[in-house]
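S.K.:
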Amino acid sequence: MSKLDDYLGIESLDDNIADKNSEYAYIAYLEPIEITDVNSKGELVQFNRASLEDQIDLIPAKQLEKLSEQFPNKVTGKIIKYGNLENIASLCFDKLKKEYSKLKETDEDVDSRIQQLESYAIDGRLCADHQNESSLNDLANKVFNVQEAIRDLQSKNLNNSGTRKK
177 MSKLDDYLGI
187 ESLDDNIADK
197 NSEYAYIAYL
207 EPIEITDVNS
217 KGELVQFNRA
227 SLEDQIDLIP
237 AKQLEKLSEQ
247 FPNKVTGKII
257 KYGNLENIAS
267 LCFDKLKKEY
277 SKLKETDEDV
287 DSRIQQLESY
297 AIDGRLCADH
307 QNESSLNDLA
317 NKVFNVQEAI
327 RDLQSKNLNN
337 SGTRKK
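Residues in the sequence shown are numbered consecutively from 177, following our numbering.
Put into structure tokens, the structure is as follows:
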């Protein structure tokens, strides 16, 4: 930490933690994965909802490993280092808010969750309460929970309209 940061009381992430893999990853869907789909081993796999081509999500790192193994041609992604977790969480959150604003049907609970998460923003960027693993994971978990609620609404909206958009 620099002397100015010490003087101002600005918290910074320890270099050892910054270079460490977090519990989260980002995933990009290269092809859609249906609610019921066949994995690379020819096994039938059931999901709660479909994932659309070009969709990018913040997910638990273990889930990325599993999806990459089961659907190597349909997904790509990377485990996020703690030093970049706030940035990726912020990017995902901004994208989610744009997607949510385009939905015909919204939800008061999701509105409330978005508003609560926006309280973590400083200059338009999400910031954890503290620069440690626990706080960074907590922030990513909040984004993940908002994402899941929005994805559920998107799925519901798509099912109600009778069409699927890519």
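Note that beta-carbon positions come from the ideal geometry of N, C-alpha and C, so glycine has one too.
Nothing here was measured: the structure is a model prediction, and the numbers come from that model.
#1: CA-CA distance, aspartate 314 and glycine 300?
#2: DSSP three-state call for lysine 196: helix, strand or coil?
#3: Taking the beta strand (DSSP E) that glutamine 222 belongs to, which residues open and close that run?
#4: Tell me the residue span of the alpha helix (DSSP H) that contains aspartate 259.
#5: The alpha helix (DSSP H) spanning aspartate 287 covers which residue range?
#6: Kindly list the residues whose CB is nearer than 6 angstroms to the CB of leucine 316, restricted to its own chain and excluding five residues on each side of it in sequence; keep chain order.
#7: Return the first residue and the last residue of the beta strand (DSSP E) that leucine 234 is part of.
#8: Going by Cα to Cα distance, which pick from Glu284, Gln307, Phe269 is closest to serine 295?
#9: Grab me the residues of alanine 297's own chain with a C-beta within less than 8 angstroms of its C-beta, minus the 5 sequence neighbours each way, in chain order.
#10: Report, in whole angstroms, the separation of the C-beta atoms of tyrosine 258 and leucine 220, which I expect to be a contact under 8 angstroms.
#11: Pick helix, strand or coil for serine 331, following the three-state DSSP scheme.
#12: State the CB to CB distance for the pair isoleucine 209 and lysine 250, rounded to an integer number of angstroms; the pair is presumed to be in contact (CB under 8 angstroms).
#13: Using the three-state DSSP reduction, which class does serine 244 fall into: helix, strand or coil?
#14: How do the region 315-334 and the region 228-236 stand: do at least 3 beta-carbon pairs fall below 8 angstroms, yes or no?
M.R.: In short, the structure shows the following:
#1: 18 angstroms
#2: coil
#3: 220-222
#4: Note on identity: in this sequence residue 259 is glycine, with aspartate being the wrong assignment. Here the alpha helix (DSSP H) through glycine 259 covers 258-277.
#5: 284-294
#6: Here residue 316 turns out to be alanine, not leucine, going by the sequence shown. If we look at alanine 316 and ignore the five residues flanking it on each side, its Cβ neighbours are Tyr200, Leu261, Ala265.
#7: 232-236
#8: Phe269
#9: Ser266, Cys303
#10: Not confirmed; about 36 angstroms, so no contact.
#11: helix
#12: 6 angstroms
#13: helix
#14: yes
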